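The structure appears right after this line, and notes come after that.
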Amino acid sequence: MVDFMRKPALAALDSPPLHQNYGTGQTTMRTTHDTPFTAKPDTLDPQDWEAVRSLGYRMVDDMVALLAGVGDGPVWQAMPGEVREAFKTPLPREAGDLAGSYADFQALVQPYIGGNIHPRFVGWVHGGGNPVGMLAELLAGGLNANLGGRDHAPVEVERQVIRWSAEMLGFPSTASGVLVTGTSLANLIAVLVARTRALGGAVRQHGLQARPLVAYASTEAHNCVSRAMDMAGLGTAALRLIPCDAQHRMDMDALAAAVTHDQAQGLQPFMLVGSAGTVDTGAIDDLMALSRFSRLHGLWFHVDAAFGALAMLSAQKRPLLAGISEADSVAFDFHKWAQVPYDAGCILVRDADLHAATFATQPAYLRREERGLAAGRPWPTDFGPDLSRGFRALKVWMTIKVYGADKLGAVIDRSCELAQQLARRVAAEPELEMLAPVALNVVCFRFRAAAAHLDQLNADIVADLQEDGLAVPSTTMINGQLAIRVALVNHRTSEADLALLVDGLLAAGRRRTAANLQMNSQGI
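Counting from 1 along the sequence shown, just add 9 to a position and that's the residue number in the numbering used here.
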């Protein structure tokens, strides 16, 4: 039986000869100077490439071992004070040692990660990563490609990923797109493109000039939509948050009333943001109705589909996203349901010319040529704010090529089926109560007891599970009540993991309830 309560022993910070691997619990010998690294006098390359090769092989072996046994250890564990102190040392001035730095990584970093690679990390919508993507990161690091632009193969890799994304979402092949850190930045890009459509290209030179633009999203929309309005200079007050129905979808009557009211006040509605997989409950707005409404009122229709977009790979769930193919832009993440290692977000825009008109610039040192390395326009930098961009497309490209879209779709189906299984278990337990319908893969419920402070009780239960290392759910608020939130995203999660989660949750709730009753009886 696996002991989920165990904590890896802290390696000595000044000389870490022993290390207990996160996830496996295996203790291995590590010495700080078994693979010396000495750079050449005039470069950063090593004098001994074989020493680097040897340690590199060991790093890969260790990471493969970690992933192979990741479910055997605690999901998360708190970082001890002495470990935090180890990160407060001064800037290194003298050359160090590669093997010693790796030993520090194993002792100080690896045991104290967030845990989203673990099958019982179910608190937030974080993908579990995959070994193919991990190896792709190694390859991308070796190439050190800058994907701001120019004519080289890594840019073509990203262009193919964008074309695959357009095919997945039913966008035209002429659609533009760019890979970014995540949906937060992708949503900002969408707001800026919509702003250009509303005010024209002159907005880039002259600013808003007090034009009263307003946008619309549901009260369930992710906070990054509001932040995008802020960063675009429009202000958070210009985002109208529309109430939702019992299914946590945007209320169409309330939306129509809000637009009519704003128009009567002399304001200019310019953008409507639908959600495909809301952050709290995983709900999907009626995207087809939102699309028709946008066309009727001349609004830019954007869909924040951070994880929900990938449900287009599922034959079972694709009908829930009807209307996403009609959007003007869609933002989503490959690092969620597609299981690509962080970070890998994406923005798709139907109108490539308008997209480029929002960002493209050509200073002299970025002059585009018809031949040579400066050819190959348009460049990725023409579609977003970054000029210096890493080769994040490679891990997406290789993940899709190796696993295939159908396999990724099956992972999504599996997550949704597990959510339904969990919902049935919750419904069968008298001490548990569902707080929201299950739309996709998010289950919101709570432990109920004869307690005056149920919100605090449930928050304590979640913290207990996290600190014990058994599982990592999270919390949110549903209709004014604190909910335990289980988001099923990781491809490694199984029925057995959910059984451990619920059993542990019930046990923690009963312990807490009994302790509270005892304290009350004693008048404490």
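We put the beta carbon where it would ideally sit given N, CA and C, even for glycine. Computed from a predicted model, the values in this text were never measured in an experiment.
Between which residues of its own chain and residue i is the CB-CB distance below 7 Å, once the five residues before and five after are set aside?
i, result
"Ile356", "Gly186, Val187, Val189, Ala195, Ile198, Ala199, Ser338, Ala340"
"Val11", "Unreliable placement is indicated for Val11, whose pLDDT of 36 sits below 50; the coordinate value is still reported in the next sentence. Correct list, in chain order: Asp81."
"Arg252", "Note that residue 252 is Pro in the sequence shown, not Arg. Result list for Pro252: Thr228, Asp260, Ala263, in chain order."
From this set, the options, which residue's C-alpha is nearest residue i's C-alpha?
i, options, result
"Val223", "Gly210, Gly242, Ala87", "Gly242"
"Arg434", "Glu176, Arg455, Met259, Glu378", "Arg455"
"Ala145", "Tyr66, Lys404, Val61, Arg67", "Lys404"
"Ser303", "Val268, Gln274, Leu322", "Val268"
"Ala517", "Arg457, Trp133, Arg501, Arg301", "Arg457"
"Pro229", "Gly307, Thr52, Asp313, Ser397", "With the sequence shown as reference, residue 229 is identified as Glu, and Pro is not the correct amino acid for it. Ranking the options by Cα distance to Glu229, first place goes to Asp313."
"Val164", "Ile487, Leu444, Tyr121, Ala383", "Ala383"
"Arg380", "Asp160, Gln274, Phe368, Pro181", "Asp160"
"Ile126", "Ala112, Leu466, Gly157, Trp85", "Trp85"
"Gly291", "Ser182, Gln430, Pro446, Glu94", "Pro446"
"His306", "Ala207, Ile421, Asp360", "Ala207"
"Pro482", "Gly124, Ala419, Ala255, Met88", "Gly124"
"Met280", "Arg249, Asp71, Gly210", "Arg249"
"Pro372", "Asp391, Gly385, His364, Arg359", "Asp391"
"Thr522", "Asp464, Leu299, Ala480", "Asp464"
"Ile487", "Glu442, Leu449, Ala524, Glu476", "Glu442"
"Ile171", "Asp342, Ile421, Asp477", "Asp342"
"Ala246", "Leu299, Glu426, Thr502, Ala226", "Ala226"
"Leu296", "Gly283, Val288, Asp289", "Gly283"
"Gly393", "Gly354, Asp506, Val349", "Gly354"
"Gly65", "Lys345, Gly150, Arg377", "Gly150"
"Leu201", "Asp239, Asp473, Pro389", "Asp239"
May I ask you to report which of helix, strand or coil DSSP gives residue i?
i, result
"Gly354", "strand"
"His462", "coil"
"Gln35", "In this prediction, Gln35 has a pLDDT of 45, which is less than 50 and means its spatial position is unreliable; nothing more can be read from the coordinates."
"Thr485", "strand"
"Asp415", "helix"
"Ala496", "strand"
"Thr41", "Here the model assigns Thr41 a pLDDT of 40, short of 50, so the residue's position is not dependable and the matter cannot be decided."
"Met88", "coil"
"Ala448", "coil"
"Pro55", "strand"
"Glu442", "strand"
"Phe392", "helix"
"Arg455", "strand"
"Gln490", "strand"
"Ile409", "helix"
"Ala384", "coil"
"Asn30", "Here Asn30 scores only 49 on pLDDT, less than 50, and its place in the model is too uncertain to base an answer on."
Based on the DSSP output, what are the partners of residue i in its beta bridges?
i, result
"Ala436", "Partner(s): none; Ala436 has no beta bridge."
"Trp309", "Met280"
"Phe130", "Val481"
"Ala48", "Pro55"
"Ala320", "Paired residue(s): none; Ala320 is not in a bridge."
Quick one: what's got a C-beta closer than 6 Å to residue i's C-beta in the same chain, skipping five residues either side?
i, result
"Val141", "Met407, Thr408, Val411"
"Met88", "Tyr121"
"Phe310", "Leu281, Ser300, Ser303, Ala336, Asp337"
"Val452", "Ala428, Leu431, Ala432, Val495"
"Gln325", "Asp422"
"Met72", "none"
"Arg519", "none"
"Gln56", "Thr47, Lys49"
In chain order, what residues of the same chain have a beta carbon less than 8 Å from the beta carbon of residue i, not counting five sequence neighbours either side?
i, result
"Leu147", "Val69"
"Met321", "Met177, Leu178, Gly179, Arg327, Leu330, Ile333"
"Thr484", "Asn467, Ala468, Val471, Leu491, Ala492, Ile493, Arg494"
"Pro101", "none"
From the beta carbon of residue i, is the nearest beta carbon of chain C less than 8 Å away?
i, result
"Glu440", "The structure shown contains no chain C, having only a single protein chain."
How about residue i: is its Cβ closer than 7 Å to a heavy atom in the ligand HEM?
i, result
"Leu305", "This structure lacks the ligand HEM, and indeed carries no ligand of any kind."
3 or more residues per run - each beta strand (DSSP E) lying fully within the region 186 to 266: Scanning the region 186 to 266 from its first residue to its last, the whole beta strand (DSSP E) runs of 3-plus residues come out as 222 to 227, 248 to 251.
Which full runs of the beta strand (DSSP E) of 3+ residues lie inside the region 324 to 376, going along the chain? 338 to 342, 354 to 358
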